[in-house]
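Residue numbers (our numbering), protein chains in the order written: chain L, 1 to 210; chain A, 211 to 321.
Idealized CB from N, CA, C, for every residue including glycine.
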Amino acid sequence: MTNTTPEPQTPSPLDDNKLDGFTVDQLSDYLDHGRHPRNPAIEASPAAQHALAALSRLRAVAPRIMKTDAEYFAPKNENWISRILDQIGVQAHAGRDIPILHDVPGAKLSISEGAVRALVREAGDDTDGLIVERTRIDGDLETPGSPVQVHVVVSTFADATDARVVPLFQERVIETVREHTDLVVTRVTVRVHDSDITDEDLDDDGNLAR
Amino acid sequence: MNDDTEDDLPTQLTRLLRNVDGVHTVYATKPLLPSIVGAVVEAVRNDPVGMHLVTVNEKPDDLTIIACIGVSADEPATVICRRAHDALRNYFTDQDLTPPATVRVQVGRVG
C-alpha cells in the first residue's frame with residue numbers, strides 16, 4: 001500500500017499559467033460546445049471553474065445590456081466586452097492564500113483569493129442591474145486580523161439606477177465576504193465604470209485620465 | 211479500483227473529504243499527470259476512483275496532509291473548511307495512526 005503521494009514525473013498541463021493551462025478563449029469555446037465533450041482538466045480546475053462561471057454570466061447579461069443601452073444611449077463599443085473578457089482571466093486565478101482561523105496545532109486553513117473574488121462576482125450576479133468587471137483586495141491578506149479593503153469596478157445596465165443597485169451590491173459584498181472568510185473588511189468601494197470609456201481614456205492604474 | 215482492493219491513504223482521505231457535509235468537490239493539490247488526468251472528471255463527480263487528490267507528504271516525524279476543496283455556499287466556507295480539517299485529523303485518531311504534524315486545507319471555490 002502506497003501511503004505517500006508520488007511526485008509527478010512530467011510537467012502538468014494544468015500548471016502552465018494562472019488558469020491552470022487554459023486561456024479564456026479556450027474556455028469560451030468549451031462553453032460554446034455545451035461543455036461537451038467533457039474536459040477533465042477544465043472540470044478539475046477551480047480557476048477554470050471561476051472563469052467559466054464569469055463567462056456564463058457575461059453571456060447571459062450581455063444581450064440585455066446591449067439592448068437597453070441601445071435604447072438609452074449609443075450602443076456599447078466592443079472595447080467593453082473585450083475589457084471584461086480580459087479581466088475574467090486575470091480575476092479567476094487562485095492568488096494569495098487567505099487564512100481561516102482554527103485553534104488546533106498544525107492546522108493551516110485558507111481560502112484562495114480567487115474564491116473570494118468569485119464570491120464578489122456572484123454578489124454582482126445576484127444584484128439585478130450590474131456586472132462585476134474586476135475586484136481588488138488591498139491589505140495584508142495573509143496576516144489574520146489585518147484590515148483589508150475591497151475595491152470593485154462594475155458596469156451598470158443603462159436601465160438600472162446606480163443609486164439603487166450600487167448600495168445594494170455593496171451590502172451584499174460585505175455580507176458574503178464576512179460570511180465566508182475571516183477577513184476584517186474595513187471598506188468596500190464600488191466604482192461604476194462608464195461602459196463607453198475606452199482604454200485610451202484610462203491611465204496605467206485604470207483611472208480616468210482627464 | 212474495486213471493493214476488494216485496499217485503498218491507499220491519499221485515496222482514503224479523498225473519499226473521507228467527499229463525505230464531509232458541505233464539501234462538493236475535492237480538487238487535485240498537485241499537478242496531474244497527463245496519464246491520469248482523464249480520471250479526474252470521475253473523481254470530481256465523486257465516483258469511486260483511485261486518485262491522489264489529497265496529498266500526503268510523509269517524512270520522519272513530519273506527516274503533512276494537503277487538500278483543496280470546493281464547498282457549498284449554504285453555510286460559511288470557514289465552517290466547512292474547519293469541519294474538513296477536523297475530519298482529516300479525526301481519521302488518524304480513529305485509525306490509531308500517528309497524527310499528522312500539519313493539515314492544510316484550502317477552499318478553492320465556494321458555491
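Roughly how many whole angstroms lie between the Cα atoms of residue i and residue j?
i      : j      : result
A:N267 : A:T274 : 5 Å
L:L27  : L:V120 : 21 Å
L:T143 : L:P37  : 42 Å
A:A253 : L:D182 : Bear in mind that a pLDDT of 47 at A:A253, under 50, signals an unreliable position, so the number given afterwards is only what the model happens to contain. Answer to the nearest angstrom: the Cα atoms are 30 Å apart.
L:L31  : L:L52  : 7 Å
A:G260 : A:Q222 : Here the model assigns A:G260 a pLDDT of 49, short of 50, so the residue's position is not dependable and the matter cannot be decided.
L:I147 : L:V185 : For the record, residue 147 of chain L in the displayed sequence is Pro; it is not Ile. Spanning the two alpha carbons is a distance of roughly 6 Å.
A:Q305 : L:A118 : 37 Å
L:T127 : L:F169 : 6 Å
L:R35  : L:S112 : 25 Å
A:L307 : A:D218 : 14 Å
L:R83  : A:T239 : 31 Å
A:H262 : L:S45  : 15 Å
L:V177 : L:V116 : 7 Å
L:A158 : L:P167 : 17 Å
L:D86  : L:V24  : 8 Å
A:V247 : A:V236 : Unreliable positioning characterises A:V247 in this predicted model, as indicated by a pLDDT of 46, which lies under 50. The coordinate reading is nonetheless provided below. Cα to Cα, the separation comes out at about 14 Å.
L:G89  : L:A107 : 31 Å
L:L141 : L:T156 : 29 Å
L:G101 : L:H180 : Going by the sequence as given, residue 101 of chain L is Leu instead of Gly. Their Cα atoms are separated by approximately 12 Å.
L:L58  : L:G145 : 34 Å
A:P270 : A:Y301 : 19 Å
L:P63  : L:H50  : 21 Å
L:A94  : L:T189 : 22 Å
L:I81  : L:G124 : 17 Å
L:A41  : A:G280 : 15 Å
A:D272 : L:T135 : 38 Å
A:T303 : L:V104 : 14 Å
L:Q149 : A:H234 : 29 Å
L:D97  : L:E175 : 20 Å
A:T224 : A:A311 : 18 Å
A:R228 : A:A297 : 11 Å
L:H165 : L:E171 : According to the sequence provided, residue 165 of chain L is Val. The question's His does not apply to it. C-alpha separation (whole angstroms): 10 Å.
L:L109 : A:V230 : 16 Å
L:E43  : L:A60  : 21 Å
A:A249 : L:R187 : Legend: pLDDT at A:A249 = 48, less than 50; position of this residue unreliable, value from coordinates given subsequently. The straight-line gap from Cα to Cα measures roughly 43 Å.
A:E285 : L:A163 : 30 Å
L:N39  : L:D29  : 12 Å
L:P99  : L:R191 : 27 Å
A:P258 : L:S56  : Low confidence applies here, because A:P258 scores a pLDDT of 42, under 50, leaving its location unreliable; read the following figure in that light. The straight-line gap from Cα to Cα measures roughly 30 Å.
L:D138 : L:F22  : 27 Å
A:L226 : L:H33  : 34 Å
For a contact meaning CB atoms closer than 8 Å, what does residue i contact in chain L?
i      : result
A:Q316 : D97, L109, S110, I111 and S112
State the CB to CB distance for the pair residue i and residue j, rounded to an integer number of angstroms; the pair is presumed to be in contact (CB under 8 Å).
i      : j      : result
A:H295 : A:V315 : 5 Å
A:G232 : A:I276 : A:G232 to A:I276, Cβ: 19 Å. No contact.
L:V152 : L:V173 : 7 Å
L:A92  : L:L130 : Actually they are not in contact, since the Cβ atoms of L:A92 and L:L130 sit about 19 Å apart, beyond 8 Å.
A:V313 : A:R299 : 6 Å
L:E133 : L:H193 : 6 Å
A:V317 : A:A287 : 5 Å
L:L19  : L:A47  : 5 Å
A:P220 : A:V264 : 5 Å
Name the chain A residues whose beta carbon is nearer than 8 Å to that of residue i?
i      : result
L:T181 : A287 and T288
L:H50  : R319
L:A60  : Simply none; closest approach about 16 Å.
L:A94  : G318
By the criterion of Cβ-Cβ separation under 9 Å, what are the contact partners of residue i in chain A?
i      : result
L:I174 : The contacting residues do not exist; L:I174 stays about 14 Å from chain A at best.
L:P37  : What L:P37 touches in chain A: nothing, since even the nearest Cβ is about 10 Å away.
Which residues in chain L have a C-beta closer than 9 Å to the C-beta of residue i? List them in chain order.
i      : result
A:T308 : What A:T308 touches in chain L: nothing, since even the nearest Cβ is about 11 Å away.
Give me the chain L residues within the contact set of residue i, using Cβ-Cβ distance strictly less than 7 Å, ordered along the chain.
i      : result
A:T312 : G106 and K108
Name the chain A residues whose beta carbon is nearer than 7 Å to that of residue i?
i      : result
L:H102 : R292 and H295
Identify each residue in the region 77 to 91 of chain L for which the Cβ-Cβ distance to at least one residue of chain C is less than 8 Å, and report them in chain order. Among the protein chains of the structure shown, namely L and A, there is no chain C.
Mind listing, in chain order, the continuous beta strand (DSSP E) runs of no fewer than 3 residues lying wholly within the region 110 to 161 of chain L? 130 to 139 and 147 to 156
Near-chain L residues of the region 215 to 234 of chain A (beta-carbon distance less than 9 Å), N- to C-terminal order: E216, D217, D218, L219 and P220
May I ask you to list, following chain order, the residues of the region 268 to 300 of chain A that have a beta carbon less than 8 Å from some beta carbon of chain L? E268, C278, G280, A283, P286, A287, T288, C291, R292, H295, D296 and R299
Listed in chain order, which residues of the region 114 to 126 of chain L have Cβ atoms closer than 9 Å to some Cβ of chain A? G114, A115, V116, A118, L119 and E122
Give me the subset of the region 132 to 154 of chain L whose CB atoms are less than 9 Å from a CB atom of chain A, sorted by chain position. none
Quick check on the DSSP output: what are the complete alpha helix (DSSP H) runs of length 4 or more inside the region 11 to 67 of chain L, in order along the chain? 24 to 32 and 40 to 43
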